[in-house]
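**Q** Have a look at this one before I ask anything.
Numbering (my numbering), first residue to last: 1 to 715.
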């Protein structure tokens with residue numbers, strides 16, 4: 001069950017010539033693919049591009065009607081390999097995945113694809129996950145484009161530009177026989193707007209046509225001596241062809257006056273931020289008309305030196321706005337100017353930060369600093385004043401405001417797994433624990449502080465390989481179900497079996513690829529009309545040779561989880577010990593059950609919802625339950641009792657009734673202050689009568705106790 005359904009929105013994909021398409025960037029990308037006559041699409045989910053996979057899944061019926069093959073690939077490598085269909089056949093293909101990590105996983109397939117070259121247009125849509133909104137290491141996809149000679153598009157973040165870049169990306173790929181990467185940043189994925197639509201096109205040559213007329217060409221196989229010839233083909237033929245297409249079709253854009261003492265070169269994705277900064281400096285209007293010349297690189301690789309030199313004519317200084325590091329574009333342009341003997345002054349990372357996201361304020365400060373140095377006469381008088389640089393010092397909030405790390409959702413079924421691990425460590429001592437990519441990585445943070453590394457999706461157990469040869473304590477590694485099917489079955493489980501690992505592997509099975517938006521995977525329990533689900537993880541690990549396997553079908557059973565962990569850590573069995581801990585992702589469960597429950601309540605049907613609470617009179621206030629649960633709904637409450645200084649535990653209205661807090665308190669032999677109350681909506685007459693009687697009785701007993709206390713004080 002995906003995080004968001006696009007079932008209604010995908011109907012917009014049917015609009016045609018003369019109509020206006022309105023929607024989100026992700027939908028616009030899909031519409032552009034259909035207009036361009038794409039023959040097959042695929043990919044792997046990951047922010048900020050996850051929703052593109054969800055849109056494609058919801059639009060599968062529309063794709064099928066057009067003869068377009070859709071595949072939800074097992075990994076980014078599988079997605080990139082699918083583009084092999086465009087090597088020999090004139091079929092347009094597109095795949096999508098999360099930025100640098102997706103490129104890293106797919107690097108082998110992409111490198112081979114780029115070396116062999118393509119016949120049909122091949123487009124890799126990269127959701128560039130950079131900056132403070134990112135969930136990964138801070139890297140750029142640009143380096144891979146340079147390494148493997150793939151062209152990189154970075155369009156301006158508005159729907160017409162994004163749609164145009166899809167069409168031009170396919171054409172550029174075909175004109176130069178080279179795969180093209182289309183980079184859409186976080187804001188581009190979710191920007192809304194409109195554009196004039198075109199009719200969807202059936203691919204002129206489909207995958208079925210290719211199967212009916214198979215082709216092969218040894219010159220396209222990446223083996224010596226052809227691989228040497230392919231390298232020369234890249235430089236001597238494909239690169240010039242790409243530059244020619246870029247210039248003739250004006251893929252890069254120039255805005256503002258032609259004659260000016262300074263100019264700004266920028267990545268297309270930085271356009272909105274640059275224009276906003278110029279507006280704030282009084283050098284651009286609300287329509288985007290600018291007094292400072294702009295050279296917008298919608299194609300950031302390859303660069304076209306002649307086009308850049310033309311922009312530099314008559315200018316003494318140019319600023320390069322390039323987000324991230326290293327400064328690939330600035331270095332390339334500086335080298336080009338030096339070799340051409342140009343005397344123009346080039347600025348970039350001396351005015352703007354080397355690392356970090358280029359927010360609005362960062363862009364404003366950098367451009368203002370550049371103009372003060374290179375052309376102060378262009379700035380308004382108020383900014384040219386000597387004291388204009390003196391700005392009030394902003395307080396360093398990092399010293400006083402705590403960071404906000406991510407955490408498990410309310411009721412998450414993974415939390416009790418780590419509560420059990422924490423209790424196990426209390427008995428056996430601290431263990432070497434390796435984490436993996438996914439929700440379970442949050443366990444490395446307080447209150448659990450379990451696991452301290454992550455080497456790649458599905459590589460949790462593999463990253464513990466050095467510790468799996470036996471020792472005083474067995475190592476423990478965590479692996480999610482999404483990572484397991486992505487890469488873990490072979491690279492982690494198979495690796496452990498082959499090397500006779502002695503470690504313990506906990507596979508967290510929450511029924512979905514939950515961290516990427518709740519997409520179905522092979523082991524999902526839900527029926528999927530177009531995909532095969534219901535394949536148990538336990539069967540798969542046994543299939544590659546694991547002999548010691550334990551399956552737990554309710555992770556909230558903390559005592560049982562702890563018992564299995566103790567068994568795994570103490571057994572005499574030789575070989576990897578695998579624990580499959582299964583419970584449905586609470587977020588997806590709530591998405592499925594809440595609408596049904598609300599509908600039933602609205603229709604007047606009886607609905608029972610469990611809620612948990614804490615008895616304030618019993619709670620000791622030692623907060624051990626919070627340290628072993630960490631649930632967002634479990635917090636603190638200050639009592640009015642003057643004899644009790646410490647706040648007690650309290651459960652707020654966000655509780656979903658999972659019961660983990662009570663389970664943990666019971667398993668850890670903590671105070672028995674937790675209670676469960678079943679909230680009944682639309683109760684019957686007997687329940688209403690009983691409830692009324694119970695309330696009156698409790699009120700009478702409370703009043704009686706209060707009167708007794710008053711009499712006691714008087715005496």
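Think of the CB as a built atom: it goes at the ideal place given N, C-alpha and C, for glycine as much as any other residue.
#1: Using beta-carbon positions only, say whether residue 552 and residue 561 come within less than 8 Å of one another.
#2: Less than 8 Å separating the beta-carbons of residue 447 and residue 586?
#3: Given residue 205, which residues of its chain have a CB within under 6 Å of its CB, disregarding the five upstream and five downstream residues?
#4: Checking the sheet assignment: what are the DSSP bridge partners for residue 650?
#5: Which whole runs of the beta strand (DSSP E) in the stretch 244 to 314 are 3 residues long or more, in chain order?
#6: How close, in whole Å, do the beta carbons of residue 655 and residue 424 come, if the pair is a contact with beta carbons under 8 Å?
#7: Would you mind stating whether residue 131 and residue 48 have Cβ atoms separated by less than 8 Å?
#8: For residue 50, count neighbouring Cβ atoms within 10 angstroms of its own Cβ and tell me buried if that reaches 16, exposed if not.
#9: From 357, 696, 309, pick the residue whose C-alpha is nearest to that of residue 325; which is it?
#10: Does the Cβ of residue 694 have 16 or more other Cβ atoms within 10 Å, making it buried, or fewer, making it exposed?
#11: Excluding sequence positions up to five away, which residues of its chain have a Cβ less than 7 Å from the Cβ of residue 133?
#12: Quick one: residues in its chain with C-beta nearer than 6 Å to the C-beta of residue 496, no 5 flanking neighbours on either side, listed in chain order?
#13: Could you work out which residue in 438, 642, 233, 670 is closest to residue 517 when comparing CA atoms only?
#14: Give the single residue among 395, 657, 62 whose Cα lies nearest to the Cα of residue 632.
#15: Quick one, are the C-beta atoms of residue 499 and residue 526 less than 8 Å apart?
#16: Please work out which residues of its chain come closer than 7 Å, Cβ to Cβ, to residue 564, disregarding the five sequence neighbours upstream and downstream, and give them in chain order.
#17: Can you tell me whether residue 199 is buried or exposed, with buried defined as 16 or more other CB within 10 angstroms of its CB?
#18: With 16 other CB atoms within 10 Å as the buried threshold, where does residue 781 fall?
#19: Can you list, in chain order, the residues of its chain whose CB lies under 6 Å from that of residue 63, leaving out five sequence neighbours each side?
#20: Beta-carbon separation of residue 265 and residue 371 under 8 Å?
#21: Taking just the CA atoms, how far does residue 213 sit from residue 9?
#22: Thinking C-alpha only, which one of 593, 322, 646 is nearest residue 617?
#23: For residue 507, report the span of its beta strand (DSSP E) as first-last.
#24: Going by CA-CA distance only, name the one from 606, 622, 676 that's closest to residue 687.
#25: Between residue 494 and residue 458, how many whole angstroms is the CB-CB distance? I'm expecting something under 8 Å.
#26: Between residue 471 and residue 547, what straight-line distance do the alpha-carbon atoms span, to the nearest angstrom?
#27: Contact check, residue 261 vs residue 316 under 8 Å by CB: the rounded distance?
#28: If you compare alpha carbons, which of 476, 600, 581 is closest to residue 557?
#29: Which word fits residue 539, buried or exposed, when buried means at least 16 other C-beta atoms lie within 10 angstroms of its C-beta?
#30: What separation, rounded to the nearest whole angstrom, lies between the Cα atoms of residue 384 and residue 263?
#31: On the premise that residue 82 lies in contact with residue 718, defined as a C-beta separation below 8 Å, what is that separation, rounded to the nearest angstrom?
#32: Please determine, among 691, 295, 11, 705, the residue with the shortest C-alpha to C-alpha distance to residue 59.
#33: Report yes or no: do the stretch 288 to 305 and the stretch 241 to 257 share at least 3 C-beta pairs separated by less than 8 Å?
#34: Looking at C-beta atoms only, is the number of pairs between the stretch 618 to 625 and the stretch 661 to 674 that lie closer than 8 Å three or more?
#35: Opposite residue 192 in the DSSP bridges: which residues?
#36: To the nearest angstrom, how far is the alpha carbon of residue 230 from that of residue 270?
**A** Reading from the atomic positions:
#1: yes
#2: no
#3: 90, 91
#4: 635
#5: 253 to 255, 262 to 267, 294 to 297, 299 to 301
#6: The Cβ separation is near 26 Å, so there is no contact.
#7: no
#8: buried
#9: 357
#10: exposed
#11: 186
#12: 461, 576
#13: 438
#14: 657
#15: no
#16: 550, 552, 579
#17: exposed
#18: An answer regarding residue 781 cannot be provided, because it is not within the stretch 1 to 715 covered by the chain.
#19: 70
#20: no
#21: 37 Å
#22: 646
#23: 504 to 509
#24: 606
#25: 11 Å between Cβ atoms; not a contact.
#26: 21 Å
#27: 5 Å
#28: 581
#29: exposed
#30: 19 Å
#31: For residue 718 there is no data in the structure shown, the boundaries of the chain being 1 and 715.
#32: 11
#33: yes
#34: yes
#35: 24
#36: 34 Å
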